[in-house]
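Heads up, the thing below is written out as structure tokens.
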Amino acid sequence: MAVDIRTDDPEERFAVGTVLHGRKPREQKLTSYTVEAAREHSGRLLLRLKGIDDRTASDAIRGTLFIVDTADLPPSDDPDEFYDHELEGLAVRLGDGTPVGSVIEVLHSAAGELLSVRPEGQKTGEILIPFVAAIVTSVSVADGVIEIDPPEGLLNPE
């Protein structure tokens, strides 16, 4: 199976025998997988996982995000660099304090990262906010807040 690499150290994270924890998109349940083989090919990582023996089994876990235990992560030296799990759950508000919602997921796309935000006071729905300095003006993990200055129409696309 081919996976996109989002780590600075794929050799360590995907070493043979490593137990990976996988979460399917929009799910909270984690499933454990053991790496049987790994090699890089054309900018992607080819993995063989124990118990995932054919295309059907591989297709069943398509889109799974493999995550590491946060205790295994080194602290970041860059104050403007964040792990996805640090942003998930943070409150999003405008510079004047107006609540926008809370981050439910960080999405990675070819164009860059997006914050998937659940609108304030709603149980469903999503606002996608590009995670770029021109829009995200400050992030305080300690305070649990992300402040944004969105362009017109981003929050109300009608």
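The sequence shown begins at 3 in my numbering and counts up one residue at a time. In this text, a Cβ means the ideal position worked out from N, Cα and C, and glycines have one as well. What you are looking at is a predicted structure, and each value in this text was computed from that prediction instead of being measured.
For L32 versus V5, is the C-beta spacing smaller than 8 Å? The Cβ atoms of L32 and V5 lie no closer than 8 Å to each other.
Go to T58, then tell me how far its alpha helix (DSSP H) extends in each direction, as first and last residue. T58 -> alpha helix (DSSP H) spans R57 to A62.
Grab the span of the alpha helix (DSSP H) containing L96 for me, first residue to last. It is not in any alpha helix (DSSP H) - L96 instead sits in the beta strand (DSSP E) that spans A93 to L96.
Let me check understanding here. Comparing Cα to Cα, which of E83, I63, R95 and L156 lies closest to G123? Ranked by Cα distance from G123, the options E83, I63, R95 and L156 are led by R95.
Please name the residue in A73, T66 and S118 whose C-alpha comes closest to that of G103. Checking every option, the nearest Cα to that of G103 belongs to S118.
Rounded to whole angstroms, what is the Cα-Cα separation between H87 and G146? H87 and G146: Cα-Cα distance of roughly 12 Å.
Under 8 Å between C-beta atoms of A40 and F68: Not in contact: A40 and F68 (Cβ atoms no closer than 8 Å).
Answer yes if the segment 24-31 comes into contact with the segment 70-78, meaning at least three C-beta pairs across the two stretches below 8 Å, and no otherwise. Put simply, the segment 70-78 does not touch the segment 24-31. Fewer than three CB pairs are less than 8 Å apart.
Out of M3, D151, P152 and P81, point me to the one whose CA is closest to D61's CA. Cα-wise, what sits closest to D61 is M3.
Quick one: measure Cβ to Cβ for I106 and R120, integer angstroms, because I've assumed they're closer than 8 Å. Indeed, because the Cβ distance is near 5 Å, the residues count as touching under 8 Å.
Can the beta-carbon of H23 be found less than 8 Å from the beta-carbon of S34? Taking 8 Å as the Cβ cut-off, H23 and S34 qualify as a contacting pair.
Cα-Cα separation between T20 and V37, rounded to whole angstroms: Going by the C-alpha atoms only, they are around 5 Å apart.
Counting along the chain, where does the beta strand (DSSP E) carrying E128 start and finish? Counting along the chain, E128 sits inside no beta strand (DSSP E), nor does DSSP assign it H or E at all.
Output yes if chain D places a C-beta closer than 8 Å to the C-beta of S60; else output no. The structure shown contains no chain D; it is built from a single protein chain.
Whole angstroms is fine: what's the gap from A112's alpha carbon to V134's? Whole-angstrom Cα-Cα distance: 14 Å.
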